[in-house]
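Going by the numbering used here, the first residue of the sequence shown is number -1, and it counts up by one from there.
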Amino acid sequence: MEILYASLLGFFLLVIYFFYNHKSGGNANLRPPGKTGFPVIGETLEFLSAGWKGHPEKFIFDRIAKYSSYVFRTSLLGSPAVVFCGAAGNKFLFSNENKLVQAWSPSSIDRIFQHSTKKSTSKEALRLKQMFPNLLKPLALQGYLGLMDTVAHRHFVTDWEKKGH
């Protein structure tokens, strides 16, 4: 009797496995390389760990080397994501803005910052696009210089002088 239950369970799991593979098999070739990590967590912990160590780009560079591709998939903040790297990826994203791709935030971020879901993505993108050139003008950079000097001086006083450097 136990053998019957075990064989039925095995058969049932096998049917589910083949059904799942057959269903997703057509799209499997269209997906970029990569893994999504653990359910819900994904690769968020690895990404945050690299950021806490002061090298957030290490997460990206490790994946580029591992998959030999400037496009890879991952799971960050509980949501699947595709990461585009390099000039070609940036050109693709910015030339197809709101056509093939759409700006979004993970549901976990929307729960934390509820006001972010009330804005239209195209209006928000236009506002950001207009704001960035003004941030990098020489007059704006001169205004930042005093603040950056103050922050750097405070950092040296608090973190470097205590260590005797």
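From the three backbone atoms N, C-alpha and C, an ideal C-beta is built for every residue, glycine too.
Alpha-carbon spacing of F59 relative to T148, whole angstroms = Position 61 of the sequence shown, counted from the first residue, corresponds to residue 59. Position 150 of the sequence shown, counted from the first residue, corresponds to residue 148. It is roughly 33 Å from the alpha-carbon of F59 to the alpha-carbon of T148.
On the three-pair Cβ rule with 8 Å, is the region 39 to 52 touching the region 65 to 74?
-> The answer is yes - the region 65 to 74 touches the region 39 to 52, with three or more Cβ pairs under 8 Å.
Under the three-state DSSP convention, the category R109 falls into = Reading the sequence shown from its first residue, position 111 is the one you call residue 109. Look at R109 here: in three-state DSSP terms it is helix.
Distance, K51 Cα to F57 Cα = Sequence index remark: in the sequence shown, residue 57 carries index 59 (1-based). Sequence index remark: in the sequence shown, residue 51 carries index 53 (1-based). Taking the straight line joining both Cα atoms gives about 11 Å.
Residue span of the alpha helix (DSSP H) that contains V38, given as start and end = Position 40 of the sequence shown, counting from 1, holds the residue named residue 38. No alpha helix (DSSP H) holds V38; DSSP gives it neither H nor E.
Looking only at DSSP bridge pairs, what is V69 linked to?
-> Translated into positions along the sequence shown, residue 69 becomes position 71. The bridge partners DSSP lists for V69 are F82.
Please state whether DSSP places S93 in a helix, a strand or coil.
-> As a working mapping, residue 93 is identified with position 95 in the sequence shown. S93 carries a helical assignment under DSSP once its states are collapsed to helix, strand and coil.
Alpha-carbon to alpha-carbon, V38 and V69 | Your numbering for residue 69 matches position 71 in the sequence shown. Your numbering for residue 38 matches position 40 in the sequence shown. Distance from the CA of V69 to the CA of V38, rounded to the nearest whole angstrom, comes to 22 Å.
Which of the three DSSP states, helix, strand or coil, is assigned to S5?
-> Taking the sequence shown and counting its residues from 1, one reaches residue 5 at position 7. Judged by DSSP in its simplified three-state form, S5 adopts helix.
Does the Cβ of R109 have 16 or more other Cβ atoms within 10 Å, making it buried, or fewer, making it exposed?
-> For this step, residue 109 is matched to residue 111 along the sequence shown. Burial call: exposed.
Beta-bridge pairing of L74 - partner residues as DSSP gives them = As a position in the sequence shown, residue 74 is number 76, starting the count at 1. Answer is S77.
How long is the line joining the alpha carbons of P78 and P31, rounded to whole angstroms?
-> Sequence index remark: in the sequence shown, residue 78 carries index 80 (1-based). Sequence index remark: in the sequence shown, residue 31 carries index 33 (1-based). Taking the Cα positions, P78 is about 13 Å away from P31.
Counterpart residues of V149 in DSSP-defined beta bridges = Position 151 of the sequence shown, counting from 1, holds the residue named residue 149. Per DSSP, none; premise fails for V149.
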